[in-house]
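K.L.:
Residue numbers (mature numbering (1 follows the signal peptide of the UniProt record, and there is no 0)): -21 to -1, 1 to 172.
Structure (structure tokens):
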């Protein structure tokens, strides 16, 4: 029996980030018309056309996992360059070390025929652009916000693939990596922007 592939948590996490990043200091995110949040969420999670009952293929999981690792690496580098907050800098250093190893392990565990991308997804590129454009305290706030969202999405992705993925070796790797992502999520939630 196949279990459903719930992405409700990931989708709800994504829905809030683009709008919050686009809102100005005097305009709440909820007042932002036409942010395309649903479109962005399906691009990010790879669920376009899915209703939560389909299992991600191994190549799609590899693509999404690699994009996450690349995004986290780039965001951490930016935080180390620009953040003045010691907790953010320490978090970024830990994330940078962990995700550098992730890509190598992903390459080793990717099934034959699954391409490990060298570039992040369009949505991750959007998030990095927003982070690069943010200045001072806005950078720190946006970094904290993104780091509260990205690991949540990754935890959901890895947990679900570990449970119902279509490649046993990759399922084992996803399950083994899940505690690292959960630790990142816990630490990210403790950050202050």
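Just so you know, even glycine gets a beta-carbon here, dropped at the ideal spot from N, CA and C.
Whole angstroms is fine: what's the gap from residue 40's alpha carbon to residue 61's?
P.N.:
Residue 40 sits at position 61 when you count from the first residue of the chain shown. Residue 61 sits at position 82 when you count from the first residue of the chain shown. Looking at the two C-alpha atoms, the distance is approximately 31 Å.
K.L.:
Would a C-beta distance cut-off of 9 Å place residue 46 and residue 98 closer than the cut-off?
P.N.:
As a position in the chain shown, residue 46 is number 67, starting the count at 1. As a position in the chain shown, residue 98 is number 119, starting the count at 1. Judged by their CB atoms, residue 46 and residue 98 are nearer to each other than the 9 Å cut-off.
K.L.:
Rounded C-beta distance between residue 125 and residue 54? I'm assuming under 8 Å.
P.N.:
Against the chain shown, residue 125 aligns to sequence position 146. Against the chain shown, residue 54 aligns to sequence position 75. 6 Å between Cβ atoms; contact.
K.L.:
Could you check if residue 158 is buried or exposed, using at least 16 other CB atoms within 10 Å of its CB as the buried criterion?
P.N.:
Working through the chain shown from its first residue, we reach residue 158 at position 179. Of the other Cβ atoms in all chains shown, fewer than 16 fall within 10 Å of the Cβ of residue 158; this residue is therefore exposed.
K.L.:
Please list the segments of the alpha helix (DSSP H) lying wholly inside the stretch 84 to 148, counting only runs of 4 or more residues, in order along the chain.
P.N.:
101 to 112, 115 to 143
K.L.:
Looking only at its chain, what residues have a beta carbon closer than 7 Å to the beta carbon of residue 150, apart from the 5 residues adjacent to it on each side?
P.N.:
Along the chain shown, one-based indexing puts residue 150 at 171. Correct list, in chain order: 140, 141, 144.
K.L.:
Between residue 110 and residue 57, which are expected to be in contact by the criterion C-beta below 8 Å, what is the C-beta distance as a whole number of angstroms?
P.N.:
Within the chain shown, residue 110 is the residue found at index 131, counting from 1. Within the chain shown, residue 57 is the residue found at index 78, counting from 1. Right, their Cβ atoms sit about 5 Å apart.
K.L.:
Starting from residue 34 and walking both ways along the alpha helix (DSSP H), at which residues does that stretch end?
P.N.:
The count along the chain shown starts at 1 and reaches residue 34 at position 55. Counting along the chain, residue 34 falls outside any alpha helix (DSSP H), and DSSP gives it neither H nor E.
K.L.:
When you compare only the Cα positions, how much space is there between residue 42 and residue 147?
P.N.:
The sequence position of residue 42 within the chain shown is 63, counting from 1. The sequence position of residue 147 within the chain shown is 168, counting from 1. Distance between the alpha carbons of residue 42 and residue 147 is about 17 Å.
K.L.:
Cβ atoms of residue 123 and residue 160: under 9 Å apart, would you say?
P.N.:
For the purposes of this step, residue 160 is taken as residue 181 along the chain shown, with counting starting at 1. For the purposes of this step, residue 123 is taken as residue 144 along the chain shown, with counting starting at 1. Result no, Cβ atoms of residue 160 and residue 123 do not sit closer than 9 Å.
K.L.:
Specify the secondary structure class of residue 171 as computed by DSSP and reduced to three states.
P.N.:
Numbered from its first residue, the chain shown carries residue 171 at position 192. It is coil, neither helix nor strand.
K.L.:
Helix, strand or coil for residue 64 per DSSP?
P.N.:
To locate residue 64, count along the chain shown from 1; it is residue 85. Residue state, collapsed to three classes: coil.
K.L.:
Since I believe residue 78 is in contact with residue 51 (beta carbons under 8 Å), could you give me their beta-carbon distance rounded to a whole number of angstroms?
P.N.:
The residue labelled residue 51 in the question sits at position 72 within the chain shown. The residue labelled residue 78 in the question sits at position 99 within the chain shown. That belief holds up - the Cβ atoms of residue 51 and residue 78 are roughly 5 Å apart, short of 8 Å.
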